[in-house]
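Position one of the sequence shown corresponds to residue 166 (this note's numbering), numbered consecutively onward. Glycine residues also receive a C-beta, built at the ideal position from the N, C-alpha and C atoms. Predicted model, so just to flag it, every value in this text is computed and none were measured. Structure record follows, encoded as structure tokens.
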Amino acid sequence: MNPIEYKIDEANNIIFVNEEWDRFALSNSGEEITSDKVLGKNLLDFIMNMTVRQIYLDIIQKVREGKEISIDFRCDAPTYKRFLKMTIKPENNNIVKFISEAQKIIPQNYLNILDSKAIRSIEFIPMCSWCKKIKMGFEWEELEQAINKYGLLTQTQVPSLTHTICEDCYKQLESLILRRKDY
């Protein structure tokens with residue numbers, strides 16, 4: 166997987182995506198987020214959870230102040246665990262550049278809960294946007310453990326996922342945002 170790059174302007178509108186953006190979107194059933202559908206749109210329009218949106222705003226603000234930030238995260242597919250690093254860099258005129266690079270890709274057995282084309286029930290399960298743990302009851306659990314523990318793969322209609330952030334990732338990102346570097 167080649168690096169995926171995109172840029173936003175001072176109003177957080179997506180002004181550039183590289184060719185890998187479309188390759189990645191199309192190979193992951195993301196026809197609704199190809200370049201022709203995202204260019205000129207506000208990045209925040211694609212982030213539904215208010216906490217995750219605020220974290221992005223905080224990160225973007227720090228980057229515009231001159232700080233480069235790198236974040237490890239997961240971007241799993243039904244048959245792959247993908248560990249990525251996103252580097253966010255300042256450019257001239259309040260442009261912010263995002264570069265996501267694969268650090269490790271691990272094949273896994275097909276997980277219908279991660280398939281955007283799967284038939285969904287009306288049940289919603291929170292999933293952390295960064296570590297991909299899911300919240301069942303009061304506990305955040307690794308996806309694979311929760312699937313086995315709660316029989317999520319045995320259901321004819323899988324629960325819908327709603328993206329949020331777990332407490333551990335929130336603390337990590339908050340620490341990263343608050344940490345200052347002198348240039």
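If you draw a straight line from the C-alpha of residue 168 to the C-alpha of residue 176, how long is it?
Rounded to the nearest angstrom, the two C-alpha atoms are 24 angstroms apart.
Residue 265 lies in the beta strand (DSSP E); which residues open and close that run?
Here the beta strand (DSSP E) through residue 265 covers 261 to 272.
Classify residue 250 as helix, strand or coil using the three-state DSSP reduction.
Looking at residue 250 - three-state DSSP - the assignment turns out to be strand.
Below 8 angstroms on the Cβ atoms is my contact criterion, and I expect residue 192 with residue 282 to pass it. Report the Cβ-Cβ distance as a whole number of Å.
Actually they do not touch by this definition, with Cβ atoms about 13 angstroms apart.
Which whole-angstrom value describes the C-beta separation of residue 314 and residue 239, a residue pair presumed to lie in contact below a C-beta threshold of 8 angstroms?
The Cβ separation is near 20 angstroms, so there is no contact.
Do the CB positions of residue 254 and residue 233 come within less than 9 angstroms of each other?
In contact: residue 254 and residue 233 (Cβ atoms closer than 9 angstroms).
Skipping 5 residues on each side, what residues in its chain have a beta carbon closer than 8 angstroms to that of residue 260?
Only 172, 173, 174, 175 and 180 meet the Cβ criterion.
Shortest alpha-carbon distance to residue 217 belongs to which of 334, 340, 201 and 190?
The shortest C-alpha separation from residue 217 is found at 334.
Inspect the CB distances between the segment 260 to 271 and the segment 296 to 312 and report whether three or more fall short of 8 angstroms.
Short answer: they don't touch.
Excluding the 5 residues preceding and the 5 following residue 215 in the sequence, name in chain order all residues of the same chain whose CB lies nearer than 7 angstroms to its CB.
Within the same chain, residue 215 has no close Cβ partners at all.
Report the rounded CA-to-CA distance for residue 209 versus residue 219, giving the unit in angstroms.
C-alpha separation (whole angstroms): 9 angstroms.
Where does the unbroken beta strand (DSSP E) through residue 188 begin, and where does it stop?
Premise fails: residue 188 lies in the alpha helix (DSSP H), 184 to 192, not in any beta strand (DSSP E).
Determine the extent of the beta strand (DSSP E) in which residue 288 is found, giving its start and end residues.
Per DSSP, residue 288 belongs to the beta strand (DSSP E) from 285 to 293.
In the DSSP output, which residue or residues are listed as bridge partners for residue 179?
Bridge partners of residue 179: 173.
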